[in-house]
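Single-structure report; data block below.
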Amino acid sequence: MPSLFRSLRAKTLVIFACLPLFILAACGNSSTTTTGGGSSPSNPNANVTLTVGGKLDTESKILTKIYTLALRDAGFKVNEKAAFGNNTIVFSGIKSGAIDLYPEFTATGLDALKKTSSLDDAKDYQTVKDGFKQQFQIDWLDYAPLNDTYAVCVQQGNSLGLKTISDLASKAKQVTFDLPSDSTYVFDYLKPKYNLTLNSFKDVHKVDYTIGFKEVSGGQAQANFCYSTDGGITTNKLTVLADDQHAFPAYHPAPIVRASVLSKSPDIATALNALAPKLTTQTSLDLQQQVAKNMNNNMSQNQAIYQAAKAWLQNQGLCKKSGCANS
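For the sequence shown, the working numbering begins at 391 and goes up steadily by one.
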């Protein structure tokens, strides 16, 4: 089972009965806005209002903002409800109609369907796409290569030459490994493919998640348990070992949209699918780093996310009208 930290990052979905609509409507944050971008009387999308929700972690807030701006640029009127709530609340929200769409992750979708990963990204995506449409009347649009999954981090240019988890397994007796005490479950994934257990290593430090980054950066440990799009990777000049045997399930983000909403306009899919191939793991790391820099320049988090998302969209040629002019 994922750790408490993983739960806070909203990657493990526990489905409860739908919360009352009036409770869901109160979720989100004070940045909720209703704005159209790039719309005109001749643009039929100007008559369509969408409510875009999102989860609580920074990465999800960035994705929510990117979806919002892209849809406004296509002419839609958008109510943005960033930080709408945790997994339970956002999933209940889309089912009840309190929100129309939000960024979800493939392995989280498997949890919703009570299915386990095949460890084949395309098969898992098709499973959630088919299952959500059948059970919930919710469509999955194209998924991004961005993969916010479990990972093992090491120093860039580390002295052991570790580049893959197979390398780690072959040199485990030379490695001190850091992981939180509530994250030993990571070896449930690693043992079948790499034959790695806690006893495989020279030593194991059970430390706070953030301390693991600092110890590996400082040389007190050679590897630590991390998440592949954690901003601490860049900050501490670490790198993620390639999961060459594909032990970890993939968490690829994709917009999920109620089918009744998607039927209003094919441009919803057109605008959001254009984003998918450009949203890579490195993109997420770069955007999170930019948000942190913006906040260091005395911006609020909401404004920092908007500025980072706007600049990225414009750089990618994905915000050509006036959608990016509205935060």
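We treat Cβ as the ideally placed atom computed from N, Cα and C, and that holds for glycine. None of these values were measured; they are calculated from a predicted model.
Item to check | Pick from Asn686, Asn684, Leu677 that is closest to Leu348, judged by C-alpha positions | outcome: The question about residue 348 has no answer, for the chain in this structure spans 391 to 717.
Checklist entry - How is Phe567 classed by DSSP in three states: helix, strand or coil? => result strand
Next on the checklist: So, at 8 angstroms on beta carbons, what are the nonlocal neighbours of Leu500 in its own chain, with the 5 sequence-adjacent residues on each side left out?
Outcome noted: Thr506, Ser507, Asp514, Thr517, Val518, Pro639
Checklist entry - With a CB to CB cut of under 7 angstroms and the five nearest residues on each side skipped, what residues in its chain are close to Val576? => result Tyr540, Leu569, Phe615
Checklist entry - Do Lys455 and Ile695 have their CB atoms nearer than 8 angstroms? => result yes
Checklist entry - Closest to Thr670 by CA distance: which of Thr448, Asn437, Tyr533 is it? => result Tyr533
Item to check | Bridge-paired residues (DSSP) for Phe495 | outcome: Pro643
Next on the checklist: Taking the beta carbon of Lys563 as the centre, do at least 16 other beta carbons fall within 10 Å, making it buried, or is it exposed?
Outcome noted: exposed
Checklist entry - Using a beta-carbon distance below 8 angstroms, is Cys616 in contact with chain D? => result Among the chains of the structure shown, chain D does not appear; only one protein chain is present.
Checklist entry - If you draw a straight line from the alpha carbon of Ser590 to that of Ala637, how long is it in whole angstroms? => result Answer to the nearest angstrom: the Cα atoms are 17 angstroms apart.
Item to check | With 16 other Cβ atoms within 10 Å as the buried cut-off, status of Asn476 | outcome: buried
Checklist entry - When you compare each of Asn663, Lys467, Ser482, Gly443 to Asn437 by their alpha carbons, which one comes out closest? => result Lys467
Checklist entry - DSSP on Tyr533, reduced to helix/strand/coil? => result Three-state result, Tyr533: coil.
Item to check | Euclidean distance between Cα positions of Ser650 and Phe522 | outcome: Linking Ser650 to Phe522 through their CA atoms gives a straight-line distance of about 13 angstroms.
Checklist entry - Among Ala715, Ser560, Gln524, which residue has its Cα nearest to the Cα of Lys583? => result Ser560
Item to check | Host beta strand (DSSP E) of Asn469 (start-end) | outcome: Segment 467-471, the beta strand (DSSP E) holding Asn469.
Checklist entry - So what's Asp511 in DSSP terms, helix, strand or just coil? => result helix
Checklist entry - Of the choices Phe474, Leu631, Pro535, whose alpha-carbon is the least far from that of Asp447? => result Phe474
Item to check | Range covered by the beta strand (DSSP E) that runs through Thr439 | outcome: 439-443
Next on the checklist: Can you tell me whether Lys627 is helix, strand or coil according to DSSP?
Outcome noted: coil
Next on the checklist: So if DSSP puts His595 in a beta bridge, which residue, or which two residues, is it bridged to?
Outcome noted: Asp568
Next on the checklist: Just verifying my parser: in three-state terms, what is the DSSP assignment at Glu449?
Outcome noted: helix
Next on the checklist: Could you tell me the alpha carbon to alpha carbon distance between Gln635 and Pro656, rounded to whole angstroms?
Outcome noted: 38 angstroms
Checklist entry - So, are the CB atoms of Asn686 and Ser618 less than 8 angstroms apart? => result Cβ atoms of Asn686 and Ser618: not closer than 8 angstroms.
Checklist entry - With Lys471 and Ile489 assumed to form a contact (beta carbons below 8 angstroms), what rounded beta-carbon distance in angstroms separates them? => result 6 angstroms
Next on the checklist: Mapping the DSSP letters down to three states, classify Thr673 as helix, strand or coil.
Outcome noted: helix
Checklist entry - Taking the continuous alpha helix (DSSP H) assigned at Gln527, which residues delimit it? => result Note, Gln527: premise wrong, no alpha helix (DSSP H); not H, not E.
Next on the checklist: Cutting at 8 angstroms between CB atoms, please list the residues of its own chain near Ile413, excluding the five before and the five after it.
Outcome noted: Because Ile413 sits at a pLDDT of 38, beneath the cut-off of 50, its placement in the model cannot be relied upon, and the point is left open.
Item to check | Residue range of the unbroken alpha helix (DSSP H) whose run includes Ala664 | outcome: Under the DSSP assignment, Ala664 falls outside any alpha helix (DSSP H); it carries neither an H nor an E label.
Next on the checklist: Quick check on Asn435: buried or exposed, where buried means 16 or more other Cβ atoms within 10 Å of its Cβ?
Outcome noted: buried
Item to check | Boundaries (first-last residue) of the alpha helix (DSSP H) holding Phe474 | outcome: Counting along the chain, Phe474 falls outside any alpha helix (DSSP H), and DSSP gives it neither H nor E.
Checklist entry - For Pro643 versus Glu494, is the C-beta spacing smaller than 8 angstroms? => result yes
Checklist entry - Which residue comes first and which comes last in the beta strand (DSSP E) that contains Ala632? => result Per DSSP, Ala632 belongs to no beta strand (DSSP E) and is neither H nor E.
Checklist entry - Going by the CB atoms, is the gap between Leu558 and Leu631 shorter than 8 angstroms? => result A contact, by the Cβ cut-off of 8 angstroms.
Checklist entry - DSSP state of Thr680, grouped into three classes? => result Before going further, note that residue 680 is Gln rather than Thr in the sequence given. Here Gln680 sits in helix by DSSP.
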